[in-house]
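These notes are about the structure you will find just below.
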Amino acid sequence: MASKFVIPPPKPGSTRALTQKDLQTARSLVSFPLEPMTETIFGSVQDYERKQYLLNLVMKEPLFAKHDRFHGSREDRLLRALAMTKRLVELRDENNLSDADMHLVRQLVDETIPMSLHEGMFLPVLRAQASPEQAKHWLPLAESYQMIGSYAQTELAHGSNLSGLETTATYIPETDEFEIHSPDITACKWWIGSLGLISTHTLVQAKLILKGKDYGPHLFLVPLRSLDDHKPFPGVTVGDIGKKMGFNLIDNGFLMFEHYKIPRTNMLMRFAQVTRKGEYVKPPHAKLAYGGMVFVRTALVRLAGGSLAKAATIGTRYACVRRQFHVMNANKQVAGVSSSEETPIIMYPMVQARMFPRIAESYAMLFAAQGIEAMYQDMVKRLDSFDVSTLPAVHANSSALKAYCTGIALDGIEEIRRATGGHGFMMSSGLPYLLFNYSPSVTFEGENALLTQQTARYLLKQLHKHQTQAEPLHPFVEYLELISSGVGRKSDRTAAVSSPADWFNPAVQLAAFAHRAARVTGELAHAITQCGTPFADLNVECARASKAHSEYVLVRTFHSTTRKILQDKPALYPVLKLVSDVFALNTIEKSIGDFAEDGYLVHAHVKHLRAALKTALQDMMKDAVGLVDAWAFSDYELDSTIGRSDGKVYEALLETALADPVNKGMNGKAVSLGYEQYIRPLVKGERLQKKSKL
C-alpha cells in the first residue's frame, strides 16, 4: 500500500544530498546582514517580534493547520472556515489583540474566511462614516461580534458605476423610516463578502430618495438576520453565490429587498444627514466619504508587495535547489559549482530574468506602500477637522497604485509559477493557491482598468491648475512641469546615456520615467483640449498615463528609500541600490516602446540598457536568497513543498502525495479508489459478458 512507504535518507553525492546543502551554500554568499533588512521590511524590530508572537499563537491552534486545507467538499471547508472565524475571535479576546494584530493574524492563517469583510470593510467604514452617536451605539456591538457585518455595494448589473446602482432607500416621513427596495433582479446585491452565511447586518449602498428626488448613493446599516435564530427577516432574500475561481472559504453572497423598512437613524450620518422632516443636509465636502475606500486601497498596495514576495520566496528557494543539465556558464564558475555537478537553475540567465525582477517589484511595492500609508495617515488627521486638501492626491495615488501593484503582483505570481515548471503546478507548491486567491485583487475595490481613469482625471486637473493658476505641484506629479517645455513632441531631448554604466545613475533613471509620464499625460491633455476628443473615448490613453505615473512614483519612492538607507543602515545600501536598479531598468525594458516613441531613447540607449540590466541580474544572484529570506516567511506561512526553508523539496513533494486521501485506499481497504466499481470490470473484461436484451 502506497501510504506505508518510508522515505530513506539521501545517499552521499546524490541529487537529494546536493539539494539539502544548496540553500546553505546560497545563504553563505549573501553580502548583507539579514536582520537590518528584516527590520526595514517590517518597519521596526518591535513589529517583527510582534509578528513572531502572533505566529506562535496561530501555529499552536490545530484548527489552523494547513496540511489538509484542500481536502473535503466546499460545504466541509466553509464549516471549517466558520469554526476558524469563531476561534480567531476567541483568540483576540483571550490575548487582548488589537485591530492591527487581527489584520496580521488573518494574513498568517492565510485563508479568506467569513470574518474578512467584517474586519476589512464593515468596521472601517462604520468608524469612518457613522456619526458619534451612531458609533457609540453600533461599534461596541460590531467589535464584539454581537453584530456581524458586510459591505453591500456591487449589484448584478452594476459594479464600478456607483451612480448606476438600482437599490433604493426611500424616506417615509409618516413612520420616520427608509424603505429599502430592489426594483428588479438587476438590483440584486452580488459578490458581497461575508454575506452568504455569517452577516447579521450589512452596509447597503442605495440611492437616497427624498420627496421623489434622487440624491445619489448613500450608506445604510441594514439588519438582515434575526439575532435569535439567524433567519432572514421578512422582505430580505439572502444567500451564497456559489463556487468561484478562488476565495472559496469566504461566503460571497447575494441580497434582495422587498419594500424592507429600517429606521431613519440607520443611515450613516457623520457627513450627509436626513432630518425628521425629510430634509437633506449636505456633507461639508462631497468627497469626505472617500476616506474608507482610500484606506482599503492603500492596504492593498502593501498586500501586493507581500503576496509577490511570498511567491518570490518559494520560487527563489526552489531555483537554488533545482538542478538541471551539466552546463558550465559564467554564473556557475563564479559560484564555485563543479562542472561535474548539474547546474542549479538559478544560475541560468533566463531564470534570473524571470525571478529577480519579481523580487525587485516586491521591494518597490513595499516602499511605495510605506509612502502612501504615511500620506493616508496625514489625510485622516486633516479629515477630522474637515480639511480635504490632501484627499485628491491620496485618492488618486492610492487608485493608481492599487491598479498597478495588484496587476504586476498577479502577473509576477503567475510568472514564478511558470518558472518553477511542473512542480509549481502542484497545489502543494503553494503557488496555485496563492495565484487563485490573489486573482480577485485586480477586480475588487475598483476594477483596475477603470481605476486608471480616476488617476488620469486627477493628472489632467493638476496640469490645468498648474498652467492656469500657477498652483504648486505635488511631489509625485512634479514631472508635469516638463509638459510646458515641449515634451510630447518630437524634439532633440534624449536620455543622457552613452554607456551601460550611465543607466545605474538614479537621476538618469528617474529622468526617463519623468519624461515618459509627462509625454503620455501631455498627449492625453492635447487630445481633449486641442482635438476635442471626449474623455470617454480615451480609456486606453488614460491607462497609459496612469501606468506611467505609477511607475514614476514607484521609482521615485525606491530612490528616496535607498537614500535614507544610506544614512540609517549603510550596510544595506549596496544591495538595495542594486535591487532598485533592477526594478527601474527592467520596468523600462518591459515598456521600451513608450520611452523610445518620441526619440528620447534611441537604439544605442536601448542596447546599453539591456547590457546594464543583464549585469545587474547577474550581480543580484548572490543576494537573491537573502532578499527573500529577509521577509521572514515561516514554512507555515508559505505552506509550500518546493519553498521549504531547509531545501528538502523532493521529500516534501513525496510525503504530501503519500498523505493524500486518494492514496489511502477506500474505506481502509488496500485497493485503489474505484477499483471494484469501474477498474475491475475493465481489466477483467466483464463489460463484454453483458449481452443485449434484443
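Under the working numbering, read the sequence shown as residues 512 to 1205, first letter to last.
The beta-carbon is built from N, C-alpha and C at its ideal position, and this holds for glycine as well.
Look at residue 713 here: in three-state DSSP terms it is strand. Counting along the chain, residue 949 sits inside the alpha helix (DSSP H) bounded by residues 942-949. About 5 Å separates the CB atoms of residue 691 and residue 771; that is less than 8 Å, so the two are in contact. In the structure shown, the three-state DSSP call for residue 1004 is coil. Residues 679 and 681 of the same chain have their beta carbon placed closer than 6 Å to that of residue 720, with the five preceding and five following residues left out of the count.
A contact is defined here as three or more CB-CB pairs under 8 Å, and the segment 966-986 fails this definition with respect to the segment 924-937. Going by DSSP, residue 689 is part of the beta strand (DSSP E) stretching over 688-692. Just measuring C-alpha positions, the residue of 740, 768 and 753 sitting nearest residue 746 is 768. Excluding five sequence positions before and after residue 1163, the CB atoms of its chain that fall closer than 6 Å to its own CB belong to 1152 and 1155, given in chain order.
Sixteen is the threshold: since fewer than 16 other Cβ atoms of the shown chains lie within 10 Å of the Cβ of residue 1051, the residue is exposed.
The criterion of a C-beta distance shorter than 9 Å is satisfied by residue 1023 and residue 1006. Taking every protein chain shown into account, the CB of residue 868 has 16 or more other CB atoms within 10 angstroms, so this residue is buried. Only residues of its own chain outside the window of five on either side were considered, and among them 1128 have a CB closer than 7 Å to the CB of residue 864, listed in chain order. Rounded to whole angstroms, residue 1105 and residue 1027 show a C-alpha spacing of 7 Å. The alpha helix (DSSP H) runs lying completely inside the segment 766-826 and spanning 4 residues or more number zero.
In this structure, the CA atom of residue 757 is about 30 Å from the CA atom of residue 857. When DSSP states are grouped into helix, strand and coil, residue 566 belongs to the helix group.
The criterion of a C-beta distance shorter than 9 Å is not satisfied by residue 761 and residue 701. Boundaries of the beta strand (DSSP E) around residue 750: 747-751. Its chain contains 531 as the residues whose beta carbon lies nearer than 7 Å to that of residue 1159, once the 5 sequence neighbours on both sides are disregarded; these appear in chain order. If you look at residue 891, you'll find it in the alpha helix (DSSP H) that goes 860-894.
If you check the CB distance, residue 765 and residue 709 do not come in under 9 Å. Residue environment for residue 699: buried (at least 16 other C-beta atoms within 10 angstroms of its C-beta). For the 9 Å CB-CB criterion, residue 793 and residue 684 do not form a contact. Put simply, the segment 527-546 touches the segment 821-832. At least three CB pairs are less than 8 Å apart. Here residue 666 is bridged, per DSSP, to 700. Following the DSSP letters along the chain, one finds residue 679 in no alpha helix (DSSP H) but inside the beta strand (DSSP E) bounded by residues 679-683.
With a cutoff of 9 Å on beta-carbon distance, residue 808 and residue 939 are scored as not near each other.
Between residue 1066 and residue 1131, the C-beta spacing is not below 9 Å. Comparing C-alpha distances from residue 1149 to each of 1072, 827, 890 and 902 shows the shortest one belongs to 827. If you draw a straight line from the Cα of residue 892 to the Cα of residue 836, it comes to about 59 Å. Following the DSSP letters along the chain, one finds residue 733 inside the beta strand (DSSP E) bounded by residues 724-734.
Taking the C-beta atoms as reference points, residue 602 is found nearer than 9 Å to residue 608.
With fewer than 16 other Cβ atoms from the protein chains shown falling within 10 Å of its own Cβ, residue 1173 counts as exposed.
Here the alpha carbons of residue 948 and residue 1126 stand approximately 35 Å from one another.
In the structure shown, the three-state DSSP call for residue 760 is coil.
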